[in-house]
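A.B. asks: Sharing a structure with you now.
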Amino acid sequence: MFRLFAALAVSLAASALGSAPSVAQEAASRCLAVANVAPRIMPAAFIPIQDGMERPQAAAVTIRYLGHSTFLITTPEGVTIATDYNGFAGGATPRAVTMNRAHTSHFTESPDPAIEHVLGGWNPEGGPAEHRLELGDALIRNVPTDLRSWGGGTRIPDGNSIFIFEVAGLCIGHLGHLHHLLADEDLAFIGQLDIVMVPVDGGYTMDQSAMVETLQVLKARLILPMHYFGQTTLNGFLTRLGETFAVEMSDGPDVTVSAATLPASPTVLVLPGY
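Take the working numbering: the final residue in the sequence shown is number 295, and no numbers are missing along the way.
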C-alpha cells in the first residue's frame with residue numbers, strides 16, 4: 022500500500038509542475054503522470070500541427086538487443102544504459118547498468134570500474150532496492166517484485182526489480198526476471214509504459230500465458246521479447262499472443278523510436294541478438 026500512496030503522490034506532484042515556481046527540483050515521473058491524467062487531457066509530448074506549420078523532429082532513443090536480457094539504451098544526449106548487465110555490453114562502456122540476481126546471466130560481481138552507476142535490483146541488506154537516478158536526459162527508477170525459489174514453493178520478497186527508463190518523452194520498462202502477475206500496487210508505481218522488454222521463456226520466469234496477460238494489463242505499444250532459448254520458445258510465445266498484438270520481425274538488433282513514431286496499436290518487435 023505504501024508504494025501505491027507514493028506513486029499517487031509523485032503523480033500529483035507532476036501535475037502541479039505547470040504552476041510551480043522555476044526552481045531546481047527532482048525530475049517528475051512522466052510515466053506516473055500520464056497514467057493518472059484524464060483521457061481527454063493531451064500528454065505534454067503531443068503538439069498539434071496547424072496548416073503550414075513544419076512538424077517538429079521528435080527526440081529518439083535507440084535500443085539495441087545484445088542478447089538474453091541485455092539491451093543497450095542510447096538516449097538523444099548519448100547517455101548509454103545496459104539492462105540486466107552480466108559483464109557484456111557489446112563492446113561499449115555504459116554510463117549506467119542495471120542488474121538482477123535470479124541467475125548469473127543477469128548480473129556480475131565484477132562490473133567494469135569505468136561504469137559510473139551500477140544499480141542492483143535487490144538489496145543485499147534485505148528489503149526492497151530503491152533507485153531513482155537522473156543521468157543526463159534519462160531518469161532511471163525501479164519497482165521491486167518478488168522471486169520464487171528453485172523449488173517454486175518459497176517466495177523471496179523484493180528479489181527482482183522492474184527498471185523503468187524515462188527518456189525522450191518515452192517510458193521504457195524492463196521486467197527483469199519477473200516471476201508473478203503484477204498487483205494493482207505494482208502497476209500504480211510502474212505507471213503507463215510505452216515500451217516494455219519482456220521475458221518470454223515460459224519456465225524460468227512465468228508461463229507464457231501469464232506473460233501475455235501481463236502485457237495486456239501494461240498496454241505498452243511496443244513490446245520487445247527477451248530471455249528465450251531458441252526459435253521454438255519464441256514461436257510458442259508469439260502463438261499465444263492471439264490477435265491483440267501485431268508482430269514484426271526485425272533484420273537487425275537495433276530499433277530507434279520516438280514518441281511520434283510509436284506504433285498506433287500494441288506491436289511485438291522481435292530483434293535478433295547483436
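Positions of the beta carbon are idealized from the N, C-alpha and C atoms, including for glycine.
All figures in this text were calculated on a predicted structure; none of them were measured in a lab.
1. Where do the ends of the beta strand (DSSP E) carrying Gly141 lie?
2. I'd like the list of long-range same chain contacts for Pro69, defined as Cβ closer than 7 Å, with 5 residues on each side in sequence excluded.
3. Go through its chain and collect everything with a Cβ distance to Thr95's Cβ below 6 Å, but skip five positions before and after it.
4. Measure the C-alpha to C-alpha separation of Thr254 and Thr235 and round it to an integer number of angstroms.
5. List the DSSP bridge partners of Asn144.
6. Could you check which residue in Met270, Pro246 and Ala189 has the C-alpha nearest to that of Thr282?
7. Pull up the CB-CB distance for Asp179 and Gly148, whole angstroms please, since I reckon it's below 8 Å.
8. What residue does the alpha helix (DSSP H) around Glu98 start on, and which one ends it?
9. I think Val55 touches Gln213, with their Cβ atoms under 8 Å apart; what is that distance to the nearest whole Å?
10. Does the Cβ of Thr312 have 16 or more other Cβ atoms within 10 Å, making it buried, or fewer, making it exposed?
11. Is the separation between the beta-carbon of Ala117 and that of Leu154 shorter than 8 Å?
12. Spatial neighbours of Asp207 within its chain, please: CB distance less than 7 Å, with the 5 preceding and 5 following residues excluded, ordered by chain position.
13. Kindly indicate the opening and closing residues of the beta strand (DSSP E) around Asp179.
14. Sort Leu202, Val233, His89 and Ile216 by Cα distance to Gly111 and report the nearest one.
15. Starting from Ala267, trace the beta strand (DSSP E) in both directions and tell me its first and last residue.
16. Check the DSSP bridge columns for Val12 and list the partner residues they point to.
17. Determine whether the beta carbon atoms of His248 and Val221 lie at a separation below 8 Å.
18. Reducing DSSP to helix, strand and coil, say where Asp158 ends up.
19. So Gly194 is in the alpha helix (DSSP H); what residue range does that whole segment cover?
20. Pick out whichever of Pro284, Ala280 and Ala231 has its Cα sitting closest to the Cα of Arg261.
21. My output table needs one value for Thr306: the three-state DSSP class, helix, strand or coil.
22. Can you give me the Cβ contacts of Phe258 inside the same chain, cut-off strictly under 8 Å, excluding the 5 residues immediately before and after it?
23. Which residues does DSSP pair with Tyr86 in a beta bridge?
24. Would you report the Cα separation of Leu53 and Phe210, rounded to the nearest angstrom?
25. Rounded to whole angstroms, how far is the Cβ of Glu269 from the Cβ of Leu290, which I believe are closer than 8 Å?
26. Please list the terminal residues of the continuous beta strand (DSSP E) segment that includes Leu245.
27. Let's test the definition: count the other Cβ atoms within 10 Å of the Cβ of Asn256 and tell me whether it reaches 16, buried, or not, exposed.
C.D. replies: By the coordinates alone:
1. First-last of the beta strand (DSSP E) with Gly141: His138 to Gly141.
2. Low confidence applies to Pro69: its pLDDT is 38, below 50, so where it sits in the model is not reliable enough to give any reading.
3. Excluding the 5 residues flanking it on each side, Thr95 has same chain C-beta neighbours closer than 6 Å at Thr83 and Thr101, in chain order.
4. Distance from the CA of Thr254 to the CA of Thr235, rounded to the nearest whole angstrom, comes to 18 Å.
5. Looking at the DSSP assignment, Asn144 forms no beta bridge with any residue, so it has no partner.
6. A check of alpha carbon separations from Thr282 across Met270, Pro246 and Ala189 identifies Ala189 as the nearest.
7. With 8 Å as the limit, Asp179 and Gly148 qualify as a contact, their Cβ atoms being about 6 Å apart.
8. Glu98 -> no alpha helix (DSSP H), and no H or E assigned at all.
9. The C-beta separation of Val55 from Gln213 comes to about 5 Å, placing the pair in contact by the 8 Å criterion.
10. Since the first residue of the chain shown is 22 and the last is 295, residue 312 is not available in this structure.
11. Yes, Cβ-Cβ distance for Ala117 and Leu154 is below 8 Å.
12. Val164 and Thr166.
13. Element bounds for Asp179: Arg176 to Val188.
14. Selected option, being the one with the closest Cα: His89.
15. Ala267 -> beta strand (DSSP E) spans Ala267 to Met270.
16. With the chain represented from 22 up to 295, any question about residue 12 goes unanswered, as that position is not in the structure.
17. It is a contact, given that the beta carbons lie within the stated cut-off.
18. In the three-state scheme derived from DSSP, where H, G and I count as helix and E and B as strand, Asp158 is classed as coil.
19. Counting along the chain, Gly194 falls outside any alpha helix (DSSP H), though it belongs to the beta strand (DSSP E) covering Leu191 to His195.
20. Taking Arg261 as reference, the option from Pro284, Ala280 and Ala231 with the minimal CA-CA separation is Ala231.
21. The displayed coordinates of the chain run from 22 to 295. Any statement about residue 306 would go beyond what the structure contains.
22. Counting only Cβ-Cβ distances below 8 Å, and skipping sequence neighbours, we find Val221, Gly223, Gln229, Met232, Val233, Pro246 and Tyr249.
23. Note: Tyr86 sits in a beta bridge opposite Phe92.
24. The straight-line gap from Cα to Cα measures roughly 7 Å.
25. With a beta-carbon spacing of about 5 Å, Glu269 and Leu290 fall inside the 8 Å limit used to define contacts.
26. Boundaries of the beta strand (DSSP E) around Leu245: Leu243 to Met247.
27. Under this definition Asn256 is an exposed residue.
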